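Visitor:
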Amino acid sequence: MNTGIVSLPEFICTTLKNNRVGGFITSRGYRHSKARGLSAPRLRDGMLVERISTVHRDNYGVYGVRKMWHALRREGIDIGREHTVRLMRLAGVSGRNKGRSPVTTRRSKTVDTRPDLVEREFKAQGPNKLWVG
Numbered sequence: 001m002n003t004g005i006v007s008l009p010e011f012i013c014t015t016l017k018n019n020r021v022g023g024f025i026t027s028r029g030y031r032h033s034k035a036r037g038l039s040a041p042r043l044r045d046g047m048l049v050e051r052i053s054t055v056h057r058d059n060y061g062v063y064g065v066r067k068m069w070h071a072l073r074r075e076g077i078d079i080g081r082e083h084t085v086r087l088m089r090l091a092g093v094s095g096r097n098k099g100r101s102p103v104t105t106r107r108s109k110t111v112d113t114r115p116d117l118v119e120r121e122f123k124a125q126g127p128n129k130l131w132v133g
């Protein structure tokens, strides 16, 4: 007798079946995945996220990906640079930007009307006619 009441795992499985491409999920598989817990790589990622946050805080929040990667490698943690990028994003930390480079020249908005007192002649009549020394 069907009462029309659907359990939560069955509802989730039905929804996932309709939205998944190339596969299906059963209520038994869903229950097993919930009871299984975290995998070893996920547990290691959790430990590394905490370590990344600590290193970032200890270095005044200025370490970017490259420096963080080198710091973790110095501590003996075997991690790749792209993995460091992903975990830093997961931890919500990023390096500090160095800021804009200083402006050393400010161009005038008006046309230069100063006279050429040296009378610099930058157009040569032909080859080997104008020498600069």
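Residues in the sequence shown are numbered from 1 upward in steps of one, following UniProt numbering. Here a beta-carbon is modelled for each residue, glycine too, at the ideal position from N, C-alpha and C. What you are looking at is a predicted structure, and each value in this text was computed from that prediction instead of being measured.
Report all residues from its chain with a CB closer than 6 Å to the CB of G64; omit the five preceding and five following residues, and keep chain order.
Guide: Scanning its chain for C-beta atoms nearer than 6 Å, with the 5 sequence neighbours on each side dropped, one finds around G64 the residues G95, in chain order.
Visitor: Less than 6 Å between C-beta atoms, sequence neighbours within five positions excluded: which residues of the same chain meet that for S53?
Guide: Within the same chain, S53 has close Cβ partners A91.
Visitor: Expressed to the nearest angstrom, what Euclidean distance is found between the alpha-carbon atoms of V85 and D45?
Guide: 12 Å
Visitor: According to the neighbour-count rule (16 or more other Cβ atoms, all chains shown, within 10 Å of its Cβ), is M47 buried or exposed?
Guide: exposed
Visitor: Please report the straight-line C-alpha distance between G37 and G80, rounded to a whole angstrom.
Guide: 25 Å
Visitor: If you draw a straight line from the alpha carbon of H56 to that of G76, how long is it in whole angstroms?
Guide: Their Cα atoms are separated by approximately 17 Å.
Visitor: Is it right to say L72 is buried, meaning 16 or more other beta carbons lie within 10 angstroms of its own, or is it exposed?
Guide: Residue burial is scored here from C-beta neighbours: L72 has at least 16 other C-beta atoms within 10 angstroms and is therefore classed as buried.
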